[in-house]
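K.L.:
Below is one structure. I have some questions about it.
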Amino acid sequence: MYEWVKPRIGVPVHGEAAHLVAQGALMAAAGIPEVAQVRDGDMLRLAPGAAEIIDQVPFGRIYKDGRLTGTDEAMGIRDRRRLSFAGHVVVNVVLDDRYELAGDPDLVAIGVAEADAAGDPLAERMLDAAIGAIESIPRARRKDFELVSEAVGRVVRGAANEVWGKKPLATVFVTR
Numbered sequence: 710m711y712e713w714v715k716p717r718i719g720v721p722v723h724g725e726a727a728h729l730v731a732q733g734a735l736m737a738a739a740g741i742p743e744v745a746q747v748r749d750g751d752m753l754r755l756a757p758g759a760a761e762i763i764d765q766v767p768f769g770r771i772y773k774d775g776r777l778t779g780t781d782e783a784m785g786i787r788d789r790r791r792l793s794f795a796g797h798v799v800v801n802v803v804l805d806d807r808y809e810l811a812g813d814p815d816l817v818a819i820g821v822a823e824a825d826a827a828g829d830p831l832a833e834r835m836l837d838a839a840i841g842a843i844e845s846i847p848r849a850r851r852k853d854f855e856l857v858s859e860a861v862g863r864v865v866r867g868a869a870n871e872v873w874g875k876k877p878l879a880t881v882f883v884t885r
């Protein structure tokens, strides 16, 4: 086809890097005088003069989500994929004036397996892990709510992973 069309410039644009190189070699072998090897984001000037990369432009996938458009990160696509795969656990921890548990934390699991292989509720196992994590933190350090939140999130995800083989997203609220 290149011999019929006789283009002056060839630009390989489809496939992986190996395919682009092979397509460029085919173009050169077919007698195309200029073969421009470009990468994603390269702005190629075709005329006047020789083909030349003159700038870089933003590239990547853009998603239309509802009435908005943006990247997968800006639209929350990555998190929704993760949610669909491993679910979400929300834990609410209330500490009293002495930074002790004011009661058992509230735990809500959405899209998470209900029970382990023995039929024991997975939510109870995650709740026990959360309580254990809080109690293992010295009371003086429990004033750092971010530390408590990270510790609880880590052990809840770990408990789910140990039983289920998946780590759900975890959101932990710590209040006093």
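Residue 710 is where the sequence shown starts when you use the working numbering, and the numbers rise one by one after that. Idealized CB from N, CA, C, for every residue including glycine.
Pull up the CB-CB distance for G719 and V744, whole angstroms please, since I reckon it's below 8 Å.
P.N.:
In the sequence shown, the residue the question calls residue 719 occupies position 10. In the sequence shown, the residue the question calls residue 744 occupies position 35. Contact holds; Cβ gap of about 5 Å.
K.L.:
Go ahead and label R713 buried or exposed: buried means 16 or more other beta carbons lie within 10 angstroms of its beta carbon, across all protein chains shown.
P.N.:
Numbered from its first residue, the sequence shown carries residue 713 at position 4. According to the sequence as given, residue 713 is Trp; it is not Arg. Result: exposed.
K.L.:
Count the other CB atoms within 10 Å of the CB of G796; is the residue buried (16 or more) or exposed (fewer)?
P.N.:
What you label residue 796 is simply residue 87 of the sequence shown in a count that begins at 1. G796 is buried by the Cβ-count criterion.
K.L.:
In the DSSP assignment, what are the bridge partners of I819?
P.N.:
For the purposes of this step, residue 819 is taken as residue 110 along the sequence shown, with counting starting at 1. I819 is bridged to H797.
K.L.:
Jot down the residue ranges of each uninterrupted beta strand (DSSP E) in the segment 730-800, minimum 3 residues, whole runs only, in chain order.
P.N.:
Those beta strand (DSSP E) runs which fall completely within the segment 730-800 and span 3+ residues are 751-754, 761-765, 772-774 and 777-779.
K.L.:
Considering only their Cβ atoms, is the gap separating M752 from V766 smaller than 8 Å?
P.N.:
Locating residue 766 in the sequence shown gives position 57, where the first residue counts as 1. Locating residue 752 in the sequence shown gives position 43, where the first residue counts as 1. Yes, they are a contact pair.
K.L.:
Got a sec? Which residues, its chain only, sit under 7 Å from A739 by beta carbon, not counting five neighbours each side?
P.N.:
On the sequence shown, residue 739 is found 30 positions in, with the first residue counted as 1. Hits under 7 Å: Y711 and E712.
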